[in-house]
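First up is the structure itself, then whatever we jot down about it.
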Amino acid sequence: MVVSLAGISSPGADYRWIQSRKRPADLLADRTDAGILDAARKMGVTMPELSKWAARIGAVFYILWGIFHLMAAQAVNGLAGQADGMIRARLQQDAFYLLAFALAAIVIAVLLNWRNDRRGYWLNAVLLAVADIPFVIFVLMPGLIPPWPGLAGPLLWVIAFVLTTIAQLGIGKKHPA
Numbered sequence: 122m123v124v125s126l127a128g129i130s131s132p133g134a135d136y137r138w139i140q141s142r143k144r145p146a147d148l149l150a151d152r153t154d155a156g157i158l159d160a161a162r163k164m165g166v167t168m169p170e171l172s173k174w175a176a177r178i179g180a181v182f183y184i185l186w187g188i189f190h191l192m193a194a195q196a197v198n199g200l201a202g203q204a205d206g207m208i209r210a211r212l213q214q215d216a217f218y219l220l221a222f223a224l225a226a227i228v229i230a231v232l233l234n235w236r237n238d239r240r241g242y243w244l245n246a247v248l249l250a251v252a253d254i255p256f257v258i259f260v261l262m263p264g265l266i267p268p269w270p271g272l273a274g275p276l277l278w279v280i281a282f283v284l285t286t287i288a289q290l291g292i293g294k295k296h297p298a
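The working numbering puts the sequence shown at residues 122 to 298.
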């Protein structure tokens, strides 16, 4: 069969998505899922297990982000001790915010992300974006601190976000065992 579309001929083209009434994006997703599932099967892992472990490893990275920011809060509080007046108060406020973000990230990771909960996914994704994006824009980009260890927190967040996203994409789908 030869199909012509705007002057382009394609013998034997794959137009199964028209017959199945699926959108091209759905067909691509099915193929991607099948590829992931095939790779998981070769390793002896089912898709639900893959989602579970992606969620748990992502939760560990969120916990590491929290621990890293607990240390940052302590360092900023120590820096506040060297200042006076309004500068001291603002540094103490920043230390408090770092402490609050860190504790919230750890609690959400332990209670929700570990179980691949959708609310936990969105809570930590948004909360840590609010914490790290201004840091990248106002501290890292102007070069006020060196890229390393400055990028450590944002990298932990991105890794955790990617893993928990993989876990979220795997839940609620029917995959053959």
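Beta carbons: idealized from backbone N, C-alpha and C, even for Gly.
From the options, residue whose alpha carbon lies closest to that of residue i
| i | options | result |
| --- | --- | --- |
| N82 | L233, G274, P169 | Missing from the structure shown is residue 82; the chain here goes from 122 to 298 and no further. |
| T285 | R211, G165, N198, Y242 | Y242 |
| I178 | M168, A201, W235 | W235 |
| L249 | I229, V197, L212 | I229 |
| A176 | Q195, G274, V257, V231 | V231 |
| S172 | F259, N237, F256 | N237 |
| A193 | W174, Q213, F182, V181 | Q213 |
Straight-line Cα distance separating residue j from residue i
| i | j | result |
| --- | --- | --- |
| T167 | P267 | 42 angstroms |
| A150 | G199 | A caution first: A150 carries a pLDDT of 48, below 50, which makes its placement in the model too unreliable to give a value. |
| A252 | M164 | 37 angstroms |
| Q289 | P270 | 29 angstroms |
| L277 | R240 | 20 angstroms |
| I287 | I254 | 22 angstroms |
| V181 | P263 | 30 angstroms |
| R211 | V257 | 19 angstroms |
| Q195 | F259 | 20 angstroms |
Cβ-Cβ distance between residue i and residue j below 8 angstroms
| i | j | result |
| --- | --- | --- |
| A201 | A216 | yes |
| L272 | L265 | no |
| V197 | L219 | yes |
| G274 | H190 | yes |
Minimum Cβ-Cβ distance from residue i to chain C less than 8 angstroms
| i | result |
| --- | --- |
| R239 | No chain C appears in the structure shown, which is made up of a single protein chain. |
Could you tell me whether the segment 198-206 touches the segment 221-239, where touching means 3 or more Cβ pairs closer than 8 angstroms?
-> Contact fails: fewer than three Cβ-Cβ distances are below 8 angstroms.
Just checking, does the segment 273-286 make contact with the segment 168-188 on the three C-beta pairs under 8 angstroms criterion?
-> Note that the segment 273-286 touches the segment 168-188; at least 3 beta-carbon pairs, one per stretch, sit closer than 8 angstroms.
Which ranges does the alpha helix (DSSP H) cover as unbroken runs of at least 4 residues, wholly within the segment 239-298, from first to last along the chain?
-> If only uninterrupted alpha helix (DSSP H) runs of at least 4 residues are considered, those enclosed by the segment 239-298 are 239-256, 268-271, 273-291.
Could you name each continuous beta strand (DSSP E) segment of 3 residues or more that falls completely within the segment 158-213, going from the start of the chain to the end?
-> Those beta strand (DSSP E) runs which fall completely within the segment 158-213 and span 3+ residues do not exist here.
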